[in-house]
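As given, the protein sequences belong to chains A and B, one line each in that order.
Heads up: the first sequence at position 148 corresponds to 316 in this note's numbering, and the numbers run straight through without jumps.
Heads up: the second sequence at position 129 corresponds to 169 in this note's numbering, and the numbers run straight through without jumps.
Every residue gets a Cβ at the ideal spot worked out from N, C-alpha and C, and that includes glycine.
Note that this is a predicted model, so its numbers are computed, not measured.
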Amino acid sequence: MLKIENLHVEVDGKEILKGLDLEIGAGEMHAIMGPNGSGKSTLGYTLAGRDGYEITEGRILFEGQDLAALAPEERAAAGLFLALQYPVEIPGVNNAYFLRAALNAQRKARGEEEVDSMAFLKAVREQLKALKMDEALLKRAVNEGFSGGEKKRNEIVQMAVLQPKLAVLDETDSGLDIDALKLVAEGVNRLRDEQRSFVVITHYQRLLGYLEPDHVHVLSDGRIVESGDRSLAERLEREGYAFLDDEPAEAAGA
Amino acid sequence: MSALLERLAPAAELPRDGFTELRSQAQKVLMQHGFPHRKTENWKYTPLTLIEQRAFAGSLDVGTPPAPPALPFDCAVVHMHNGEIDPSATRLPRGASLTGLVADDVDVDALVADGPNDAFAWLNLARLGQGWKLVVDEAVKRPIVVVSTVDADFEGAVHPRLHVELAPDSALTLVAVQTGGGAGLHNAVLDIRMSERSTLLHAIDRSGGDTAWIEHATVRVAAGADYRAFISDAGGALTRQDLRVSLDAPNARGAIHGVATLEGRALVDYHTAIEHHVGPSESKERFRILADDRATGVFNGRILIVPGADDSHSEMNTGNLLLSENARINTKPELEIHAEEVTASHGATIGQLDDDARFYLRSRGLSEREATALLKYGFAAAVFDDLEPGPLADWLLERLKSRA
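Set out below in structure tokens:
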């Protein structure tokens, strides 16, 4: 599904990712943890194709296709979704309108028919209900006046409606209380199947306890320095990132 | 006198009629004050160079006006073409009537002679030909739409004048659809009088084309009456709107919600004034300008609360989007508060499209062009939040979407 090879990324002339390797198979969920400033969000933005995140070396293959050649919207149409750490408020643009426009833009890019508006509304309503969100939010402007938790849940609603092949969740758990965290985790779990893959970027074990990722990686100073199964996340929770300094980093990508 | 004055207001009289007296009075005021120049504060961002360069030659071929654009909501249409209305083509709903203006309808003493600021309003009177009066006696449900068009090769100068009178407890939705054409001058005056407890929803949808499109509107709001304007303006070669809302009696309310979406070399200049002459009274104003390419947008929003107009409340907010390095926006809230027991808030911002927002939309699948259009539309449409949902709102928003 996704293959990242020796990825170097600069932001404002400063190298943030310094030779990152990662391979994610279909249906797999990978968690990426790491201290602040290690490059986690940079990885998310680079995958989604944000301006200013310049790949200086290495490449990202998504289903065999080099992502660098694709604009953000082309990546979305190809099946990539980034749930933002800080979802943006779009005043004046109605939530339902935006989501339908996005879905139709993706479908059009893939040569598919526009979505039927009744079926669309039904699907969105189901998702809202599952995430315990007020239906009135559909008529409100995108994320405007939403609480922090509502914004994060709205990302999950978008993901569920857009049905990506690969979803990257960038600290979707931050700022959520325990109930909202559970709702978000359930929302993610509902979407899991043998084809769909996830990259879950997080600081905390808590979300991973609900999601049960297949692999856990530690990102530090722009590279994956440790990989393992879920027990790695538990160890990080117990010991913090300090132990990383005591062990020689793996010669990643060498 | 300036060449412009000689061209637009030649000393030669129009044929003698009931307006002759008025015209010569107005001509005198105009001669005395002259047209705005570079040092006229109210006109400093809107140079008259364009108007000075035009010849305004020739008589108008009235002919048969083209069919007005079809509107997607139930309404009664009054079509003004090249500054003239053909009353026979006009069917108004019950409770409303349209008649020719007579000299007594114009209260010259009430007109402001404030240096060159209002020169075009005086010019309108000095060259008055046809004028009309729309009288509304009851709550009229069907919107009345005044469609103003000019020919594509229109090069003259016309000075239409419309008075609107609302009887006590009457109600009207008045929609102005204005589409410019050739390189002439369309210099209109709109004079609205609202009696006690009347309500007026006044929508304007305008694109000036090559025509210099100037409108001077005054709204007098009596006790308990409620005036609300919703304006969408795409500008043109030169578009200037003066809109003065005078809250004359207790519990009068006035609101102006406007947006200008400009591209190319379009120019729009809105000078609005909301005057609280007594309290309690309430006003609200929201104005947004989006300027792309080499367009220029000007907004000057004056709020006046006179001494003694206690318990007046006003709220003004302007937002502006600069979409290109060569676009210009000049925005100025102007608060003159002379009473103490009042609230008056204002805020003004000028910004650019938010890169975070654009990326967010693109990451969901919208193209860069679609994302930009949606953000512009969202920014612009927010001024219509106070408009009740329905066919009129849908139409205004659709028009806005096509301009975003």
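With a cut-off of 8 Å on the beta carbons, I'd call residue i and residue j a contact; round off their distance for me.
i        : j        : result
B/Val176 : B/Glu205 : 7 Å
B/Asp273 : B/Thr279 : 6 Å
B/Ala197 : B/Gly224 : 6 Å
A/Ala277 : A/Ala245 : 4 Å
B/Leu44  : B/Glu81  : Contact flag wrong, Cβ pair sits at about 19 Å.
A/Leu330 : A/Phe249 : 6 Å
Could you tell me whether any non-hydrogen atom of the ligand FMN is closer than 7 Å to the CB of residue i?
i        : result
B/Ile296 : Summarising the ligand content, the structure contains no ligands, and the ligand FMN is consequently not present.
Secondary structure at residue i, three-state DSSP: helix, strand or coil?
i        : result
B/Gly155 : helix
B/Ser364 : coil
B/Glu315 : strand
B/Thr89  : helix
A/Arg109 : The structure shown does not extend to residue 109 of chain A, since chain A is modelled only from 169 to 422, so the question has no answer here.
A/Ser285 : helix
B/Asp351 : coil
B/Ala388 : strand
A/Lys333 : coil
A/Ala422 : Low per-residue confidence applies at A/Ala422: pLDDT is 35, beneath 50, and the placement is therefore not dependable enough to give any value.
B/Val382 : coil
B/Thr251 : strand
A/Lys186 : strand
B/Ala411 : helix
B/Pro429 : coil
A/Leu376 : helix
B/Tyr310 : strand
B/Pro373 : strand
B/Arg328 : strand
B/Phe424 : helix
B/Gly447 : The question about residue 447 of chain B has no answer, for chain B in this structure spans 41 to 444.
B/Val346 : coil
B/Phe96  : coil
Short of 6 Å in beta carbon distance, which residues of its chain neighbour residue i, apart from the five on each side in sequence? Order them along the chain.
i        : result
B/Gln218 : Ser188 and Arg246
A/Leu453 : Because chain A in this structure spans residues 169 to 422, residue 453 of chain A falls outside the shown range and cannot be described.
B/Thr336 : Leu307 and Arg368
B/Thr371 : Phe339, Thr358, Asn360 and Ala388
B/Pro112 : Trp435
B/Gly264 : Glu236, Arg237 and Asn291
B/Asp231 : His203 and Thr258
B/Gln392 : Leu362
A/Val310 : Ile258, Val261, Asn263 and Phe266
B/Arg233 : Glu205 and Arg260
B/Ala161 : Val229 and His256
B/Ile296 : Ala269, Thr312 and Glu325
A/Tyr378 : Ala353
Tell me which same chain residues have a C-beta within less than 7 Å of the C-beta of residue i, skipping the five on either side of it?
i        : result
B/Asn348 : In the sequence under discussion, the amino acid at residue 348 of chain B is Gly, which differs from the Asn named in the question. Excluding residues within five positions, the ones whose Cβ falls inside 7 Å are Ala379.
A/Leu427 : Here chain A has residues from 169 to 422 only, and residue 427 of chain A is not among them.
B/Leu132 : Ala116, Leu138 and Ile184
B/Leu414 : Leu401 and Leu406
A/Gly396 : Val384
B/Leu90  : Ala252, Ala277 and Leu278
B/Asp332 : Leu302, Glu303, Leu363, Ser364 and Ala367
A/Ile374 : First, the residue type needs correcting, since residue 374 of chain A is Arg and not Ile in the sequence shown. Within the same chain, A/Arg374 has close Cβ partners Asp341 and Leu349.
Residues in the same chain with beta-carbon distance under 8 Å from residue i, minus the five sequence neighbours each way, listed in chain order, please.
i        : result
B/Gly58  : Val142 and Ala143
B/Tyr400 : none
A/Val283 : Arg268, Leu271, Asn272 and Arg275
A/Arg358 : Ala298 and Ala328
A/Gly187 : Asn174, Leu175, His176, Glu225, Gly226, Gly390, Arg391, Ala420 and Gly421
B/Lys416 : Thr301, Leu330, Leu361, Leu363, Leu393 and Ala444
A/Thr214 : Leu175, Val177, Leu185, Tyr221, Ile223 and Ile228
Whole beta strand (DSSP E) runs in the stretch 190 to 269 of chain A with 3 or more residues, listed along the chain?
List check, beta strand (DSSP E) in window: 197 to 201, 221 to 230, 248 to 251 and 258 to 262.
Note down, in chain order, all residues in the stretch 251 to 265 of chain A with a beta-carbon under 9 Å from any beta-carbon belonging to chain B.
Residues of the stretch 251 to 265 of chain A with a C-beta less than 9 Å from any C-beta of chain B: Leu252, Tyr254, Pro255, Val256, Glu257, Ile258, Pro259, Gly260, Val261, Asn262 and Tyr265, listed in chain order.
With 9 Å as the C-beta to C-beta threshold (strictly closer), list the residues of the stretch 211 to 225 of chain A near chain B in chain order.
If the cut-off is 9 Å between Cβ atoms, the stretch 211 to 225 of chain A has Tyr213, Ala216, Gly217, Arg218, Asp219 and Gly220 near chain B.
Unbroken stretches of the alpha helix (DSSP H), 4 residues or longer, contained in the stretch 135 to 200 of chain B
Those alpha helix (DSSP H) runs which fall completely within the stretch 135 to 200 of chain B and span 4+ residues are 159 to 166.
Near-chain A residues of the stretch 408 to 422 of chain B (beta-carbon distance less than 9 Å), N- to C-terminal order:
Under the 9 Å Cβ criterion, the stretch 408 to 422 of chain B contributes Glu408, Glu410, Ala411, Leu414, Leu415, Tyr417, Gly418, Phe419, Ala420, Ala421 and Ala422.
Using a Cβ-Cβ cutoff of 9 Å, what residues of the stretch 324 to 338 of chain A are near chain B? List them in chain order.
Those residues of the stretch 324 to 338 of chain A that come within reach of chain B (Cβ to Cβ, closer than 9 Å) are Gln326 and Leu330.
Using a Cβ cut-off of 9 Å, which residues of the stretch 297 to 331 of chain B contact any Cβ in chain A, in chain order?
Taking 9 Å as the Cβ-Cβ cut-off against chain A, none of the residues of the stretch 297 to 331 of chain B qualify.
Listed from N- to C-terminal order along the chain, which residues in the stretch 268 to 283 of chain A have their beta-carbon within a distance smaller than 8 Å of any beta-carbon of chain B?
Within the stretch 268 to 283 of chain A, the qualifying residues are Ala269, Ala270, Leu271, Ala273, Gln274 and Ala277.
Which whole runs of the alpha helix (DSSP H) in the stretch 41 to 81 of chain B are 4 residues long or more, in chain order?
Taken in chain order, the complete alpha helix (DSSP H) segments of 4 or more residues contained in the stretch 41 to 81 of chain B are 43 to 48 and 60 to 73.
Residues of the stretch 393 to 406 of chain B in Cβ contact with chain A at a cutoff of 8 Å, in chain order, please.
Along the stretch 393 to 406 of chain B, going in chain order, the ones with a CB nearer than 8 Å to a CB of chain A are Asp394, Asp395, Asp396, Ala397, Phe399, Tyr400, Leu401, Arg402, Ser403, Arg404, Gly405 and Leu406.
Pick out the complete beta strand (DSSP E) segments inside the stretch 302 to 373 of chain A, 3 residues or longer, and give them in chain order.
Here the runs fully enclosed are 334 to 338 and 365 to 369.
Selection of the stretch 235 to 247 of chain A by Cβ proximity to chain B, strictly under 8 Å
Only those residues of the stretch 235 to 247 of chain A whose C-beta falls short of 8 Å from the nearest C-beta of chain B are listed: Ala239, Pro240, Glu241, Arg243, Ala244 and Ala245.
Members of the stretch 281 to 309 of chain A that neighbour chain B once the beta carbon cut-off is set at 9 Å
Listed in sequence order: Ala309.
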